[in-house]
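I have placed the structure first, in the form of structure tokens, so that the comments after it can refer back to it.
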Amino acid sequence: MARGQNSRRGADERAAARRPDPAQEPLKPRRPERRTATAAGRPPTACGKLFSKKTDDNMTTHTTVREPMTDVETRPRISLDGTWSFKHAQHPDWTTITVPLPWQAAFDDLRDVAGRAAYSREFAVPEEWKGRTLVLAFGAVGYFCTVFLNGHEVGSHEGSYLPFEIVLPADCLLDLNKLEVLVVAPTGDAAEYPEFPFSEIPHGKQSWYGMLGGIWQSVFLEARHRSHIRHVDVTPNLEAGTVGFCADLSPRDATRLSARVFDGSGVQVAAADFQIGKDTAAFEGSVVVEGALPWSPDTPNLYRFEVSLRSDGMLLDSVGKTIGFRTFETRGGQFFLNGKPFYLRGALDQDYYPRTISTPPSLEFLEDQFGKAKALGLNCIRMHIKVPDPRYYDVADKLGMTIWADLPNVEIFSPKSSQRLLDTMEGMVKRDRHHPSIIIWTIINEDWGTRVREEPQHRQWLLKTVDWLKALDPTRLVVDNSACGPNYHVKTDINDYHYYRTVPELRSEWDALTNEFANSAGWTYSPHGDAVRSGDEPLVVSEFGVWGLPHIADLVDDEGNEPWWFETGVGQSDGVAYPHGMLSRFNGFRLGRVFGTLDDFAEAAQWYQYQNFKYEVESLRAEASIAGYVVTELTDVHWEPNGLMDMERNLRVFSDRFSSFNTDIVIVPKVERFSWWCGEAMPVSLSVAAGGRSVGGGTLSWTIAGLDDGGSVEVPEVAPLQVLKLPPLGISLPDVDRARMLEVVFELTDRQGTCVSRNSLALAVHPKRTKPAVSVSIASDDENVRGHFAGLGYAILGTEDADIFVTRNLDERRIDEIRLGRKVLLLAEHATNGYLRTDAPPREPPGLKLHDETPGIPSPPYFSFPGHGLVDRRGTMWNGDWVTTFSWLARTGPYAALPGGPMMDLTFDRVVPRAVMTGFRPWEFDARVKSGVVAGWIHKAAATILEKPYGDGMLLATTYRLLEDRPGFDPTATVLLEALLSDLASHG
59 MARGQNSRRG ADERAAARRP DPAQEPLKPR RPERRTATAA GRPPTACGKL FSKKTDDNMT
119 THTTVREPMT DVETRPRISL DGTWSFKHAQ HPDWTTITVP LPWQAAFDDL RDVAGRAAYS
179 REFAVPEEWK GRTLVLAFGA VGYFCTVFLN GHEVGSHEGS YLPFEIVLPA DCLLDLNKLE
239 VLVVAPTGDA AEYPEFPFSE IPHGKQSWYG MLGGIWQSVF LEARHRSHIR HVDVTPNLEA
299 GTVGFCADLS PRDATRLSAR VFDGSGVQVA AADFQIGKDT AAFEGSVVVE GALPWSPDTP
359 NLYRFEVSLR SDGMLLDSVG KTIGFRTFET RGGQFFLNGK PFYLRGALDQ DYYPRTISTP
419 PSLEFLEDQF GKAKALGLNC IRMHIKVPDP RYYDVADKLG MTIWADLPNV EIFSPKSSQR
479 LLDTMEGMVK RDRHHPSIII WTIINEDWGT RVREEPQHRQ WLLKTVDWLK ALDPTRLVVD
539 NSACGPNYHV KTDINDYHYY RTVPELRSEW DALTNEFANS AGWTYSPHGD AVRSGDEPLV
599 VSEFGVWGLP HIADLVDDEG NEPWWFETGV GQSDGVAYPH GMLSRFNGFR LGRVFGTLDD
659 FAEAAQWYQY QNFKYEVESL RAEASIAGYV VTELTDVHWE PNGLMDMERN LRVFSDRFSS
719 FNTDIVIVPK VERFSWWCGE AMPVSLSVAA GGRSVGGGTL SWTIAGLDDG GSVEVPEVAP
779 LQVLKLPPLG ISLPDVDRAR MLEVVFELTD RQGTCVSRNS LALAVHPKRT KPAVSVSIAS
839 DDENVRGHFA GLGYAILGTE DADIFVTRNL DERRIDEIRL GRKVLLLAEH ATNGYLRTDA
899 PPREPPGLKL HDETPGIPSP PYFSFPGHGL VDRRGTMWNG DWVTTFSWLA RTGPYAALPG
959 GPMMDLTFDR VVPRAVMTGF RPWEFDARVK SGVVAGWIHK AAATILEKPY GDGMLLATTY
1019 RLLEDRPGFD PTATVLLEAL LSDLASHG
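The opening position of the sequence shown corresponds to residue 59 in the numbering used here, with each subsequent residue numbered one higher.
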């Protein structure tokens, strides 16, 4: 049983003794020798591993944590945020910059630039501060900085994400002081940055979305008594009703230490006073809080903890932290928050902002974002391989959102980089231990920076690091490697895994993955005999999802200019992740004739995204063994538009429906297919999935929207975290005179008649088919094709007598027949040689064996009718696994017989093309391409239905898989096949 609530006394000493050494050899000093501040100070204190880096008697820097709450009387403060002078090495002149803000957000010409920069500003020290200890505090600076005061180096710091402070030497201070900060944000050039190349520093998604350089969190100057509190660790214990603390002190005059706890209304609920010696450097104690209220997403009860130093009744120093009482643990493969069942419904968050990159625009912005997340039904946010501004966690505490926090990754695992990972992880715990919202730590994401498959040493490092981190912070669960294929876990509190598939394109793969994962697949753990697995680790699909596309009008400025990040992503995913020029491509591929406007296309893409989220979340909730999920992701991030909100935090078009299945109690309807003939009895497998609360029995009713048809079944009690599978339900589908989309609405009411859950199922219903829809005769060179059309009632004749020739092979003979007037329907279901034609292409000179054993080079498809390639989608950007493809069918002419659209939906599940036709010029999308696909931000347009005349005849080619089921079984396959016949027959 993994627990998340224990006393932390002595944990730092134990953890320090067990810090994993990846190279099993002494690590070299982490800090460059040229720095003024070195790591040669006193050893770690008993609580917090706080180092002083001393260079002389009057200059000391502390790598410590900026306290979020201070007493304004004991610690007056001056904010140094605002306008600073700034100069980057690429520019000869000084300019100004706003602090806090990464320089990449401040200057257009530095968007993608790392390197070296200098900051400068002046400040005056108030007269009343004379004689006090002056501390200069930085929230975070990326990546390495050296600080100068009036020309004297006073300290330095390495690491992009954590706070640090510098005690300013009194003899360096003047009436008006000049503060300079030299910053280095390294590139990947190890020759230029040998001490810390980008590949060996914790950087997270900077490698995806752009560099983070400069002073990106707040800076302030603070006056303290010479006897002050350097840092305090706080550990609330819900089970014991206590608040344990460990204070790291700068002792000189203090003789008493006081601890106070205040509730959310400001009322003092606990207090304790302790006698201390004037030489006390560290003090551990606890305070009893009677009737402590637990923190949870539903009831985010917060307290304020304050610790103060006094001497002879005089208050010398006081700091405080917001805390909450909670436990988080696992039992029997499930989560429990404060001892109660908890089903995790999360979303990944990259913590990027539209104009400020990593610096939150405001507290209100964060509150709005978290409020929307809760309204969507989320109870957890996975902070993805990044350490955010501390206000992020403040808001999560306040509004009630659990956090799963990842350690930023490196690229190369080395003694130095692994030490930096440990240092950063330790700093994350130190800065954020007091936040009740944080429930999980992740060490590695998807094996980034490690090589667990190839390196036994990396697996051992990971195993030891899990033990070290759990000793350092026993109040949270720990994930070793948040895994995806082909990597895996070694030792973890949570058996989580990532997989991305789109539906309907890859529905069978999604279903197979989910089924295997739900049954504790062996592929989630190391196969080398070194995994530590209890079998009770909760199963969580911690990344999945698909792209939507934002409404561009919501992102452009008042002059209609695209946001700067539209120019990002050009090198990602074979170019399909590049947003710039989206409107031009939309017009160039003639998608306006299919969708109307680009805004209409974006809305259709968002509904496609909704369809995927709905299907995939429901399939996860149907498995009682799966304890939670994390969708990708909360917001779009630059070129990655898979958010529930766009970069500006505008909600997707489906936001008001998302919580119908992203909620605690979910009705899960499952069907074999989504396209039916009217009058058929549709079997529906119904489940009721309970999350953190039980279902006390009731009635599950169903109706077909807009009709009187319906029914109901009785539902017995469902315990928390259980899935009740109801007896199969048969719904008789109503008569329709034309094909239409219907919605079956399900509602679960309790025994008092209160609705506790609603959900729906969208499907296509077609009129009964009594005869062939098209009066044509068929010929074919394929026995299976002839048999299928005969089964549909079509007359099968010889080639010369039939109206339409249907084939799976297009060679010189068939092309000659087209030229002479034949109408040919090509079922190009499988790609073979990369050509739409099945015969070998002619060869180009020179007559050398350059391509294979045949002399010459195969000519491109363009030079042989029909002039197009045929490409298997698997392994390409058309596959639709992570980067989404948007498939469409123009519902005009005979294709209007297929309801819905034009974006492909689940009703096409059984006919989804596995190949696409390529090599089209824009004008061919005017009329020749009837159905097609684009990837990402409308790139790589290809066809799935193509019409092409030749001579006196006509070729109509499709890659839809229309003959896989028995004749007439799937209405979508049948109606689409007959629409193709009708289209081809219409050509005189």
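Where is the CB? At the ideal position from N, CA and C, for every residue including glycine.
Whole-angstrom C-beta distance between residue j and residue i, which should lie under 8 Å
i    : j    : result
V689 : F671 : 6 Å
C438 : G404 : 4 Å
E354 : G458 : Sequence check: residue 354 is Ser here, not Glu. S354 to G458, Cβ: 7 Å. Contact.
D531 : W499 : 7 Å
S366 : G302 : Rounded, the Cβ-Cβ distance is 17 Å, inconsistent with contact.
N467 : I496 : Wrong, their Cβ atoms sit about 19 Å apart, outside the cutoff.
S416 : L270 : 6 Å
W581 : Y636 : Not confirmed; about 34 Å, so no contact.
Helix, strand or coil at residue i [DSSP, three-state]
i     : result
P101  : In this predicted model, P101 has a pLDDT of only 28, less than 50, meaning its place in the structure is not dependable enough to derive any value.
H516  : helix
M483  : helix
Q333  : strand
Y450  : helix
S1040 : helix
V347  : coil
K456  : helix
I610  : helix
G34   : Nothing in the structure corresponds to residue 34, since the chain is present only between 59 and 1046.
P741  : strand
H547  : strand
G215  : A quick correction: the sequence has His, not Gly, at residue 215. H215 falls in the strand class under three-state DSSP.
V823  : strand
Q148  : coil
T582  : helix
Sequence-distant residues of the same chain with beta carbon closer than 7 Å to residue i, five excluded per side
i    : result
Y583 : Y546, H547, A589 and R591
V346 : G299, T300 and A328
A682 : Q780 and V781
T414 : L159 and A163
Minimum C-alpha distance to residue i - residue among the options
i     : options                     : result
I762  : P252, V776, V746 and A820   : A820
S308  : L1021, V292, H286 and L296  : H286
G756  : Q810, E801 and M740         : Q810
G686  : W665, R707 and T721         : T721
T1016 : P899, L883 and P255         : L883
V1085 : S1044, A1001, G650 and D632 : The structure shown does not extend to residue 1085, since the chain spans only 59 to 1046, so no value can be given for it.
N573  : I470, L678 and F644         : L678
T1002 : P971, D984 and A317         : P971
A281  : Y267, T132, R174 and Y177   : T132
C203  : Y177, E185, L765 and F181   : Y177
I136  : V183, F144 and D1028        : V183
Cβ shell of residue i (< 8 Å), same chain only, five flanking positions each side left out
i    : result
G849 : R1024, P1025 and G1026
E504 : N539, S540, A541, C542, N545 and H556
R798 : A822, V823 and P957
H516 : P80, F471, T508, R509 and V510
D963 : P562, Y666, Q669, F732 and A820
L571 : Y557 and R559
N42  : Summary: the structure shown does not reach residue 42, with the chain confined to residues 59 through 1046, and so no result is reported for it.
Neighbourhood of residue i by C-beta distance below 6 Å, restricted to the same chain and skipping five residues each side
i     : result
S1040 : V832 and P952
R21   : The structure shown does not extend to residue 21, since the chain is modelled only from 59 to 1046, so the question has no answer here.
T965  : F732, S733, A822 and T1030
M961  : A662, Y666 and W946
G485  : L220
F944  : A663 and V992
A330  : A317 and V345
G173  : A147
D114  : Note that D114 scores a pLDDT of 34, beneath 50, so its modelled location is shaky and nothing firm can be said.
Worksheet item: Taking only runs of the beta strand (DSSP E) that begin and end inside the region 930-985, which ones reach a length of at least 3 residues, in chain order?
Response: Listed in chain order, the complete beta strand (DSSP E) runs (minimum 3 residues) inside the region 930-985 are 943-947 and 973-976.
Fill in: Ranges of the beta strand (DSSP E) found wholly within the region 222-305, counting only runs of at least 3
DSSP runs (the beta strand (DSSP E)) wholly in the region 222-305: 222-225, 234-243, 277-282 and 286-295.
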